[in-house]
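With UniProt numbering, the residue at position 13 of the sequence shown is 13, and numbering never jumps.
Remarks on the structure that follows.
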Amino acid sequence: MQQHSGQHLLSAVAENKFNLKTTSWNLGESISYVEIDAPVVEFPVLKELEEIVNDKIRAAIPVTVKTYEKGSEELGKAHSRGLPDDHSGLVRIISIEGVDENMCCGTHVKNLSELQAIKIVSLEKGKKNKCNWINMLGSTC
1 MQQHSGQHLL
11 SAVAENKFNL
21 KTTSWNLGES
31 ISYVEIDAPV
41 VEFPVLKELE
51 EIVNDKIRAA
61 IPVTVKTYEK
71 GSEELGKAHS
81 RGLPDDHSGL
91 VRIISIEGVD
101 ENMCCGTHVK
111 NLSELQAIKI
121 VSLEKGKKNK
131 CNWINMLGST
141 C
């Protein structure tokens, strides 16, 4: 849960502030990998990203679940890779207040302070001219 919410926060800030789009991710128990659609991310950008994310964690921003009917105008404001044509029922959105709204059916923290802290540990070359950053959250930092 902690790693999952942390990935949402990290990806949202990376895209909103630095136009770095997450193309894939892998959540581990203590270490997670986020694939970014860029060949490299310079150290000053990673440092600023980490600082912004940790500021949001310290601010204890609420994380809430919202549900909408398929086709709802509000649903159009959330990040999404789309819904299957045969989807029926409500669509679940994870909202990090003032930061991001994203379709997701996973479990999440109630507010960002539960993440404790984030540390971007390293950056590595990824596939297809992309890069991966490796990060840790909470007591694993």
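Positions of the beta carbon are idealized from the N, C-alpha and C atoms, including for glycine.
Checklist entry - Under 9 Å between the Cβ atoms of residue 53 and residue 9? => result yes
Next on the checklist: Excluding the 5 residues flanking residue 56 on each side, which residues of the same chain have their C-beta closer than 6 Å to its C-beta?
Outcome noted: 112
Checklist entry - Which term fits residue 63, buried or exposed, when burial requires 16 or more other beta carbons within 10 angstroms of its beta carbon? => result buried
Checklist entry - Can at least three beta-carbon pairs, one atom from the stretch 59–73 and one from the stretch 96–116, be found at a separation below 8 Å? => result yes
Checklist entry - For residue 87, does the three-state DSSP call read helix, strand or coil? => result coil
Checklist entry - Among 17, 35 and 26, which has the Cα closest to the Cα of residue 48? => result 17
Checklist entry - At which residues does the beta strand (DSSP E) containing residue 134 begin and terminate? => result 131–137
Next on the checklist: Taking DSSP's pairing of strands, which residues face residue 103 in a bridge?
Outcome noted: 93
Next on the checklist: Counting beta carbon pairs with one atom in the stretch 30–45 and one in the stretch 115–133, are three or more of them shorter than 8 Å?
Outcome noted: yes
Checklist entry - Which class does residue 72 belong to by DSSP, given the choice of helix, strand or coil? => result coil
Item to check | For residue 34: DSSP bridge partner residues | outcome: 25 and 133
Item to check | Per DSSP, the bridge partner or partners of residue 47 | outcome: DSSP lists no partner for residue 47.
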